[in-house]
Amino acid sequence: MSGSPKSMGMLTVGTLVVITAYTAAMGSNGWLWFGWVVLLLATVGTAATTRGR
């Protein structure tokens, strides 16, 4: 993994940590989790497309 996929992976993991902390402190928010799933899918898609190069 290099460049963009690596950055997106770190962003995805960091966002997961922040959302988990928010959920523990404030309660669950479905839109946050939905947004994280969309970010995860975008990260997987980016990694898959750059792997083929």
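Just remember that the working numbering sits 33 ahead of the position in the sequence shown, which is counted from 1. All C-beta atoms, glycine included, are put in the ideal place defined by N, C-alpha and C.
Distance check for residue j and residue i, CA to CA, integer angstroms please.
i     : j     : result
Val71 : Thr48 : 12 Å
Val46 : Ala81 : 17 Å
Val77 : Tyr55 : 24 Å
Thr53 : Pro38 : 22 Å
Ala58 : Val51 : 11 Å
Met43 : Leu74 : 14 Å
Arg84 : Trp69 : 22 Å
Can you look up residue i in the DSSP assignment and give me helix, strand or coil?
i     : result
Gly60 : coil
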